[in-house]
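Each residue of the sequence shown is one higher than the last, beginning at 0 in numbering that gives the first Met the number 0. A virtual CB, placed ideally from N, CA and C, is assigned to each residue, including glycine. Model, not experiment: these values are computed from the prediction.
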Amino acid sequence: MELLRNPIRPYAWGSHTAIAAVQGRRIPTEGPEAELWMGAHPGDPSTVEDGRTLTDVIAEDPERVLGAANVRRFGARLPFLFKVLAAEAPLSIQAHPDAAQARAGFDDEESQGVPADATVRNYVDPFHKPELLCAVSEYECLCGFRDPAESAELLSRLNVPALTGTIELLRQDDPAQALREAVATVMTVPETLRGALLDQVVAECAQLAGEGPGGATYAMAASLGKAYPGDIGVLLALLLNHVVLQPGEAIYMPAGNAHAYLRGVGVEIMAASDNVLRGGLTAKHVDVPELLRVLRYEVLPEPRVAAVEVTPGVREWPTPMPEFRLTHGAVGGLRESVTLLNGGPRILLCWSGQVRFDDGVQALTLLPGQAAFVSADATGPVVATGFGEFFQASTA
């Protein structure tokens, strides 16, 4: 078991309080802190106490650290990336490629000689990036396409004649065709027309914001319009499910699903990749043709994933992905200990209190915001004692 030092990504949308508060540091922080990365992604790996990166630790003996079965399945790499996300402002509307799209896109950009750090690069690695987000505070997000008929009704309440064609496309009988054509229409509005169109949309949304039908969604769009004037992502947002998660609720975003995280604090686990195709609400690179190619034009009627209790005091949010598994536990009071049954490799994150973890070889006590890595060669299940809440990231 190794105590980890984990990098913090200072993206502009990050919080000046959330991650520092969990770790017990002074707030507000000087700059925004958006993501705490825990893992071995080469873009920003965690380090162990002797200064080696977790990437280097794995490279020295992959089968011992990861387990022979995981090396056969995923290669000599940690297949998941674990994060704390603290959004004070909206992230971009985005989607991630599936495994075949990621490999083809990465190979194509490599063959063209696109520099790895180029701002116009879409594929920085050859891996897919499905992800699961669990809220630890109220978390507002956009996730997946709603029924296009519902989106048509939402747009029809806006007094914006320029949306008539989009509304008609959304009312087609075939939901996939309706979404494909409507999204393409929205994303290819000429630049010369976008400003006036979005001004009208935002003004109408502000008028309808409130408690009536769609009031919360209109308020969301009006807020996005003020933050990102002239950004077509504001209109795209009106086609997505608008969800406010409560602590302990989670959403799963498979490849190709459009989504955006708007505000809140959560823990996220994903396949270890940093491939992002953006569609708006950002000043970063937006590649509309590639986004339209990667998107899945399917209705996501319920993006939430229900938690399942796996042992007393331990629950998880199941997904179909073999690369990752997210577990939550709590100890203290009447529950003196919790046993985490699935094996390594795993990352343990203390969220509150003071939790002692014993992997059969050694024990380590973690404070809030601290994390530890457990190799696959741990002799037995990890047992948690003490008091507080924690999360575990592992392979499935």
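Val330 in three-state terms, based on DSSP | If DSSP states are grouped into helix, strand and coil, Val330 belongs with the strands.
Looking only at C-alpha atoms, which of Gly255, Asp172, Gly263, Gly352 sits nearest to Pro96?
-> When only C-alpha atoms are compared, the closest one is Gly255.
Through-space distance from Lys225 to His15, alpha-carbon basis | In a straight line, the C-alpha of His15 is about 21 Å away from that of Lys225.
Leaving aside the five residues before and after Thr396 along the sequence, list all residues of the same chain whose C-beta is less than 8 Å from its C-beta, in chain order.
-> Missing from the structure shown is residue 396; the chain here goes from 0 to 395 and no further.
Would Lys283 be called buried (16 or more neighbouring beta carbons within 10 Å of its own) or exposed?
-> That one is exposed.
Within the segment 255–342, note down every full alpha helix (DSSP H) run reaching 4 residues or more, in order along the chain.
-> Segments of the alpha helix (DSSP H) lying fully in the segment 255–342: 287–293.
Just curious, the beta strand (DSSP E) that Arg345 is in, first and last residue?
-> Here the beta strand (DSSP E) through Arg345 covers 345–349.
Measuring CA to CA, which of Leu261, Gly247, Met37 is closest to Glu87?
-> Checking every option, the nearest Cα to that of Glu87 belongs to Leu261.
With a 10 Å radius around its C-beta and 16 neighbouring C-beta atoms as the bar for buried, classify Arg71 as buried or exposed.
-> With fewer than 16 other CB atoms across the displayed protein chains lying within 10 angstroms of its CB, Arg71 is exposed.
Does DSSP put Asp29 in a helix, in a strand, or in coil?
-> Here residue 29 is Glu; the residue named in the question, Asp, does not match the sequence. When secondary structure is reduced to three states using DSSP, Glu29 falls in the coil class, being assigned neither helix nor strand.
Rounded to the nearest angstrom, how far is the Cβ of Ala94 from that of Leu223, given a contact under 8 Å?
-> That pair is no contact at about 18 Å.
According to DSSP, which residues form a beta bridge with Cys142?
-> Under DSSP, Cys142 forms a beta bridge with His258.
Every unbroken alpha helix (DSSP H) within the segment 63–114, with a cutoff of 4 residues, ordered by chain | Complete alpha helix (DSSP H) runs here, min 4: 67–73, 98–110.
For Trp36: DSSP bridge partner residues | As computed with DSSP, Trp36 is found in a beta bridge with Lys82.
Is the segment 323–338 touching the segment 307–315, taking contact as three or more C-beta pairs under 8 Å?
-> Output reads yes: the segment 307–315 touches the segment 323–338.
In this structure, what does DSSP give as the bridge partners for Asp357?
-> Asp357 is bridged to Ala362, Val382.
Taking the Cβ atom as the reference point for each residue, do Ala220 and Leu131 lie within a distance shorter than 8 Å?
-> No; because the gap between Cβ atoms is not below 8 Å, this pair is not in contact.
Does the segment 65–85 touch the segment 22–41, meaning 3 or more C-beta pairs lie closer than 8 Å?
-> Segments in contact, yes.
For Gln391, the three-state DSSP class (helix, strand or coil) = The answer is strand: DSSP assigns Gln391 an E or B state.
Return the chain-ordered ranges of every alpha helix (DSSP H) run that is complete within the segment 134–210 and spans a minimum of 4 residues.
-> Counting only runs of 4 or more, we get 147–155, 163–169, 174–186, 190–207.
Given 8 Å, three or more beta-carbon pairs between the segment 100–112 and the segment 153–161 | No contact exists between the segment 100–112 and the segment 153–161.
Is it true that the segment 139–147 meets the segment 293–309, where meeting means three or more beta-carbon pairs spaced less than 8 Å apart?
-> The segment 139–147 is in contact with the segment 293–309.
Taking the beta strand (DSSP E) that Ala249 falls in, what are its first and last residues?
-> Per DSSP, Ala249 belongs to the beta strand (DSSP E) from 249–252.
Leu197 versus Pro78, Leu234, Ala181, residue with shortest Cα-Cα distance | Of the listed residues, the one whose Cα sits closest to Leu197 is Leu234.
Pull up the DSSP beta-bridge partners for His241, would you.
-> Answer by DSSP bridge pairing, in chain order: Leu141.
Verify whether the separation of the beta carbon atoms of Gly352 and Ile92 is less than 8 Å.
-> Here Gly352 is not near Ile92, since their CB atoms are 8 Å or more apart.
Ordered along the chain, which non-local residues of its own chain (more than five positions away) have a Cβ less than 6 Å from that of Leu2?
-> The beta carbon of Leu2 sits closer than 6 Å to the beta carbons of Glu48, Ala371 from its chain, once the five residues preceding and following it are set aside; these are given in chain order.
Indicate whether the contact test is met: 3 or more Cβ pairs, each with one atom in the segment 197–213 and one in the segment 156–176, closer than 8 Å.
-> As far as the Cβ criterion goes, the segment 197–213 touches the segment 156–176, which means the pair count is three or higher.
Under 8 Å between C-beta atoms of Ala259 and Cys140 = Against a cut-off of 8 Å, the Cβ pair of Cys140 and Ala259 comes out as a contact.
Since Val373 is in the beta strand (DSSP E), which residue starts that stretch and which ends it?
-> For Val373, the enclosing beta strand (DSSP E) starts and ends at 370–373.
Could you say which of Ala101, Tyr217, Leu239, Glu335 lies nearest to Asn121 if we only look at CA atoms?
-> Out of Ala101, Tyr217, Leu239, Glu335, the CA that lies nearest to the CA of Asn121 is found in Ala101.
Gln52 (DSSP reduced to helix, strand or coil) | According to the sequence as given, residue 52 is Thr; it is not Gln. Here Thr52 sits in strand by DSSP.
What is the residue span of the alpha helix (DSSP H) that Ser222 lies within?
-> For Ser222, the enclosing alpha helix (DSSP H) starts and ends at 214–226.
With distances taken Cα to Cα, identify the nearest neighbour of Ala270 among Val21, Gln361, Trp36.
-> Scanning Val21, Gln361, Trp36 for the CA closest to the CA of Ala270 turns up Trp36.
Thinking just about the alpha-carbon of each residue, which of Ala383, Ala236, Val360, Ala377 is nearest to the one in Val354?
-> The shortest C-alpha separation from Val354 is found at Ala383.
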